[in-house]
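Numbering (this note's numbering), first residue to last: 19 to 474.
Heads up, the beta-carbon is just placed ideally off N, CA and C, and yes, glycines get one too.
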């Protein structure tokens, strides 16, 4: 591989590995807040125990997420110096705000939440849980805004030296691409959190351990998972697709394996894109649906790849097509799993249906795969642009960093991340075996002020 390919591979590898952790913490942050609110409203110590258990899992994920996120900050300078020099006047704003405001709030209040239960009143401890949720989701927004600028640049001007600078702060911050990408991304994080929570509940149920905690995890995980899975499809997925149809026609055509332009464009359910033959082979399609989903009309014209100049097309159409269909296919499976689980829950048969327990327990990796595929769709679809329409990827790398240097550091990252992954799984395994740690005698309503607690 040449230097450009190694630069892209290294950033793709590090960000894919890194995002395994924040997607769970952002999803768990909301669910922990839900557990805390229910515990306080009902004065129910079981929900408090569940919140405390997932807070420990959150803390481990948070630490690994921070450690794996730091190298990417340096890669902007070491691997992508021309990109940073060109666009730093814009994207530097939100990257700095993410570190100074969102990450600081999340970190500070996470410490209070994890270690302050005995010191804070129930209401202040609930406030700490809310601030952890707020900080993590605000952090996600600033990162999404940065990426959205690369997908759909707005609110900028060009200086006499040829660099980008921020011209309209609110236009940049409220980029319509960022709004829908953020909502789609956050609902995906809740899907991940919900599947993990439900999987642990199913695991304990199959083992016959911690029955009350397992029941709560299953109930909240299934309900949250079903809602978030539906939101993934509509409105967030639908609107994000319409944004791509409006601003990134080559990406939409590649996602669907559509080579010829035409009205009543068909939606490809399955098929294999043959780029050399310029067609989709063995297709199963639904006529008119792609036109409707993209433009709201069954008769709308959708531009195919054959009518787009080759230097404007994504450079890996096959990978983009398969990543998109994996994401959509798994999203459909999520709705089916959580919909059936919710039906069994409503009838009071969820915990007694061992087959469903096995499905829920084994399904937890699927949201990680779907999220990774979704990220690949976004990034591969933007190619060959680093900042869409403004800077090509080949013009954003560091010219003096050769392929051998990047290959060497990539191998270093792989070895380091392998060791970190083993340590992470060991710590999570210990927490799962330990389970919830109940505390007795606590008034969770906040009416009695500071709570005297006693650890068993």
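Name the residue from 354, 302, 318 and 282 whose alpha carbon lies nearest to the alpha carbon of residue 244. Your numbering for residue 244 matches position 226 in the chain shown. If we check each option's Cα against that of residue 244, 354 comes out closest.
Residue 132 versus 417, 73 and 331, residue with shortest Cα-Cα distance: Within the chain shown, numbered from 1, the residue matching residue 132 stands at position 114. Comparing Cα positions, the closest option is 73.
Pull up the CB-CB distance for residue 383 and residue 231, whole angstroms please, since I reckon it's below 8 Å. Your numbering for residue 383 matches position 365 in the chain shown. Your numbering for residue 231 matches position 213 in the chain shown. Contact doesn't hold; Cβ gap of about 22 Å is too wide.
Can you name the residues that DSSP bridges to residue 444? For the purposes of this step, residue 444 is taken as residue 426 along the chain shown, with counting starting at 1. DSSP, once it has assigned bridges, lists no residue as partnering residue 444.
Determine the closest residue to residue 456 out of 69, 35 and 25, with distance taken between C-alpha atoms. Here residue 456 refers to the residue found at position 438 when the chain shown is read from its first residue. Of the listed residues, the one whose Cα sits closest to residue 456 is 69.
If you drop the 5 nearest sequence neighbours on each side, which residues of the same chain put their C-beta closer than 8 Å to that of residue 446? Counting from 1 along the chain shown, the entry for residue 446 is found at position 428. Within the same chain, residue 446 has close Cβ partners 75 and 78.
Between which two residues does the alpha helix (DSSP H) carrying residue 154 extend? For the purposes of this step, residue 154 is taken as residue 136 along the chain shown, with counting starting at 1. Start and end: 140 to 169.
In three-state DSSP terms, what is residue 266? Here residue 266 refers to the residue found at position 248 when the chain shown is read from its first residue. Coil.
Three-state secondary structure (DSSP) of residue 300: Working through the chain shown from its first residue, we reach residue 300 at position 282. In this structure, residue 300 counts as strand in the three-state DSSP scheme.
Which residues in the same chain have their Cβ closer than 8 Å to the Cβ of residue 228, if we skip the five residues on either side of it in sequence? Locating residue 228 in the chain shown gives position 210, where the first residue counts as 1. For residue 228, where only same-chain residues beyond five positions count, the Cβ hits under 8 Å are 222, 453 and 454.
Quick test of your reading: residue 276 and residue 322, contact by CB under 8 Å. State the CB separation rounded to the nearest angstrom. As a working mapping, residue 276 is identified with position 258 in the chain shown. As a working mapping, residue 322 is identified with position 304 in the chain shown. Confirmed, about 5 Å.
Along the chain, where does the beta strand (DSSP E) containing residue 403 start, and where does it finish? Position 385 of the chain shown, counted from the first residue, corresponds to residue 403. Counting along the chain, the beta strand (DSSP E) containing residue 403 begins and ends at 403 to 405.
Which of helix, strand or coil does DSSP assign to residue 292? Locating residue 292 in the chain shown gives position 274, where the first residue counts as 1. Residue state, collapsed to three classes: strand.
State the Cα-Cα distance for the pair residue 22 and residue 180, rounded to the nearest angstrom. Taking the chain shown and counting its residues from 1, the one referred to as residue 22 is at position 4. Taking the chain shown and counting its residues from 1, the one referred to as residue 180 is at position 162. Each residue's alpha carbon lies about 23 Å from the other.
DSSP state of residue 183 mapped onto helix, strand, coil: Walking along the chain shown from the start, residue 183 turns up at place 165. Strand at residue 183.
Do residue 344 and residue 377 come within 8 Å of each other at the CB atom, strictly closer than that value? Within the chain shown, residue 377 is the residue found at index 359, counting from 1. Within the chain shown, residue 344 is the residue found at index 326, counting from 1. Contact: no.
Rounded to whole angstroms, what is the Cα-Cα separation between residue 123 and residue 25? Within the chain shown, the letter at position 105 stands for residue 123. Within the chain shown, the letter at position 7 stands for residue 25. So the two alpha carbons sit approximately 32 Å from each other.
Less than 8 Å between C-beta atoms, sequence neighbours within five positions excluded: which residues of the same chain meet that for residue 37? Within the chain shown, numbered from 1, the residue matching residue 37 stands at position 19. Answer for residue 37: 389, 390 and 393, listed in chain order.
Following the continuous beta strand (DSSP E) through residue 175, name the residue where it begins and the one where it ends. Working through the chain shown from its first residue, we reach residue 175 at position 157. Element bounds for residue 175: 174 to 176.
Mind checking whether residue 212 and residue 349 have CB atoms under 8 Å apart? Mapped onto the chain shown, residue 212 falls at position 194. Mapped onto the chain shown, residue 349 falls at position 331. Not in contact: residue 212 and residue 349 (Cβ atoms no closer than 8 Å).
Within 10 angstroms of its Cβ, does residue 375 collect 16 or more other Cβ (buried), or is it exposed? In the chain shown, residue 375 corresponds to position 357, counting from 1. Per the 10 Å Cβ criterion, buried.
Residue range of the unbroken alpha helix (DSSP H) whose run includes residue 351: Translated into the one-based positions of the chain shown, residue 351 becomes position 333. Run containing residue 351: 335 to 364, per the alpha helix (DSSP H) assignment.
Give the straight-line distance between the Cα atoms of residue 361 and residue 351, rounded to the nearest whole angstrom. Position 343 of the chain shown, counted from the first residue, corresponds to residue 361. Position 333 of the chain shown, counted from the first residue, corresponds to residue 351. Cα to Cα, the separation comes out at about 15 Å.
Delimiting residues of the alpha helix (DSSP H) encompassing residue 229: Stepping through the chain shown from its first residue, residue 229 is reached at position 211. That run of the alpha helix (DSSP H) goes 229 to 249.
Going along the chain, which residues of its own chain have a beta-carbon closer than 6 Å to the beta-carbon of residue 482, five neighbours each way excluded? Outside the modelled stretch of the chain, which goes from 19 to 474, sits residue 482, for which no answer is possible.
Chain B contact for residue 71 (CB, 8 Å cutoff): Reference to chain B is not applicable here, since this structure consists of a single protein chain.
Does the stretch 152 to 172 come close enough to the stretch 196 to 215 to have 3 or more Cβ pairs within less than 8 Å? By the Cβ rule, the stretch 152 to 172 counts as touching the stretch 196 to 215, because three or more pairs are nearer than 8 Å.
Three or more C-beta pairs under 8 Å: does that hold for the stretch 329 to 336 against the stretch 295 to 309? no
Expected contact under 8 Å - CB spacing of residue 370 and residue 312 to nearest Å: Residue numbering aside, residue 370 sits at position 352 when the chain shown is read from its first letter. Residue numbering aside, residue 312 sits at position 294 when the chain shown is read from its first letter. Not confirmed; about 44 Å, so no contact.
What residues are listed by DSSP as bridge partners for residue 107? Residue mapping note: residue 107 aligns to position 89 of the chain shown, counting from 1. The partner list for residue 107 (beta bridge, DSSP) reads 183.
In the DSSP output, what is residue 285 paired with across the bridge? Here residue 285 is taken as the residue at index 267 of the chain shown, counted from 1. Paired residues: 304.
Could you tell me which of 300, 294, 299 and 302 sits nearest to residue 328, measuring between CA atoms? For the purposes of this step, residue 328 is taken as the residue at position 310 of the chain shown. Checked all of 300, 294, 299 and 302; the closest Cα to residue 328 is 294.
Burial state of residue 470, where buried means 16 or more other Cβ atoms lie within 10 Å: As a working mapping, residue 470 is identified with position 452 in the chain shown. In this prediction, residue 470 has a pLDDT of 41, which is less than 50 and means its spatial position is unreliable; what the coordinates show is noted afterwards. By the neighbour-count rule (16 or more Cβ atoms within 10 Å), residue 470 is not buried but exposed.
Given a cut-off of 8 Å on the beta-carbon distance, is the pair residue 51 and residue 240 in contact? Taking the chain shown and counting its residues from 1, one reaches residue 51 at position 33. Taking the chain shown and counting its residues from 1, one reaches residue 240 at position 222. No.
Rounded C-alpha distance that separates residue 421 from residue 141: For the purposes of this step, residue 421 is taken as residue 403 along the chain shown, with counting starting at 1. For the purposes of this step, residue 141 is taken as residue 123 along the chain shown, with counting starting at 1. The alpha-carbon atoms of residue 421 and residue 141 are separated by roughly 54 Å.
Return helix, strand or coil for residue 395, following the three-state DSSP convention. The sequence position of residue 395 within the chain shown is 377, counting from 1. It is helical.
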